[in-house]
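**Q** Below you will find the structure I want to go over with you.
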Amino acid sequence: IQMTQSPSSLSASVGDRVTITCRASQDISNSLAWYQHKPGEAPKLLIYATSRLESGVPSRFSGTGSGTHHTLTISSLQPEDFATYYCQHYYSTPQTFGQGTRVEI
Amino acid sequence: QVQLVESGGGGVQPGTSLRVSCAASGFDFSQHGMYWVRQAPGKGLEWMAVIWSGGNPQFYADSVRGRFTISRDNSKSTVYLQLNSLGVDDTAVYYCARSFCAGDCHLDYWGQGTLVTVSS
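Residue numbers (the numbering used here), protein chains in the order written: chain R, 7 to 111; chain W, -12 to 107.
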């Protein structure tokens, strides 16, 4: 299953609403997670099962979708949200990642 | 708290082998599947392999099947990735991650990674 993430990068201002899209090459139901990755740090789980917020993750992060089309939304971008974001399906192995979206503040 | 600490990375020559390790703490290791994911310089995350809690089954990405082997020692709370026949394209930071299952199984906690550099 191929995961196509868009855009590959974006520039936004603090307070902006940001949406990242992930498309699967076949139906993955809701078996999709989103991760935030900052340089030199461990990737951090934000959302799993398409829309379930991981414990401790701010509520400005949300996920929607089903089937082949999934989105991550940051409702009001904060300075600490500068990072690269990845989607990943876990519907079957190999559990491939999208190419990543670099968010610049 | 959950901690995953990778080790064993370093500089090696093409064609050689290396074993990287991931020591886990803060949770019942024997109840969780474990993953390896890598990130080549300037590239995105690449899923490598998974091993389930009892040691079987294991699954691999096409790019490493037959060259890399994932294993675990539940008595030591450690997961391993044996890397054989290394090529320059295997240069990457290698991360281990824990599997959390709630219906489906996804990666929740990750380590900081260990760098493997393959160069002549």
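Glycine is no exception: its CB is placed at the ideal position from the N, C-alpha and C atoms.
1) Gly2/W: which of Ser72/W, Arg85/W, Asp91/W sits nearest, CA to CA?
2) Is there a C-beta anywhere in chain W that falls below 8 Å from the one on Gln84/R?
3) Taking 8 Å as the CB-CB limit, is Phe103/R close to chain W?
4) Contact check, His43/R vs Tyr96/R under 8 Å by CB: the rounded distance?
5) Quick check: the stretch 47 to 61 of chain R against the stretch 97 to 108 of chain R, are at least 3 beta-carbon pairs closer than 8 Å?
6) Which residues in chain R have a C-beta closer than 7 Å to the C-beta of Val37/W? List them in chain order.
7) On a Cα-Cα basis, can you pick out the residue from Ser19/R, Ala30/R, Arg58/R that is closest to Thr74/R?
8) Residues in the stretch 91 to 106 of chain W with C-beta within 8 Å of chain R's C-beta atoms, listed in sequence order?
9) When DSSP labels each residue in this structure, what does Val20/R get in the three-state scheme?
10) Can you grab the Cα-Cα spacing for the pair Ile80/R / Val20/R, in whole Å?
**A** Checking against the coordinates, here is how it stands:
1) The residue you call residue 2/W lines up with position 15 of the second sequence. Ranking Ser72/W, Arg85/W, Asp91/W by Cα distance to Gly2/W puts Ser72/W first.
2) Position 78 of the first sequence, counted from the start, is the residue given in the question as residue 84/R. With 8 Å as the cut-off, Gln84/R does not count as an interface residue toward chain W.
3) Residue mapping note: residue 103/R aligns to position 97 of the first sequence, counting from 1. Interface residue, yes.
4) The residue you call residue 43/R lines up with position 37 of the first sequence. The residue you call residue 96/R lines up with position 90 of the first sequence. Rounded, the Cβ-Cβ distance is 17 Å, inconsistent with contact.
5) no
6) Translated into positions along the second sequence, residue 37/W becomes position 50. Within 7 Å Cβ-Cβ: Thr99.
7) Position 68 of the first sequence holds residue 74/R. Answer by Cα proximity: Ala30/R.
8) Asp91, Cys92, His93, Leu94, Asp95, Tyr96, Trp97, Gly98, Gln99, Gly100
9) The residue you call residue 20/R lines up with position 14 of the first sequence. Coil.
10) To locate residue 80/R, count along the first sequence from 1; it is residue 74. To locate residue 20/R, count along the first sequence from 1; it is residue 14. Rounded to the nearest angstrom, the two C-alpha atoms are 11 Å apart.
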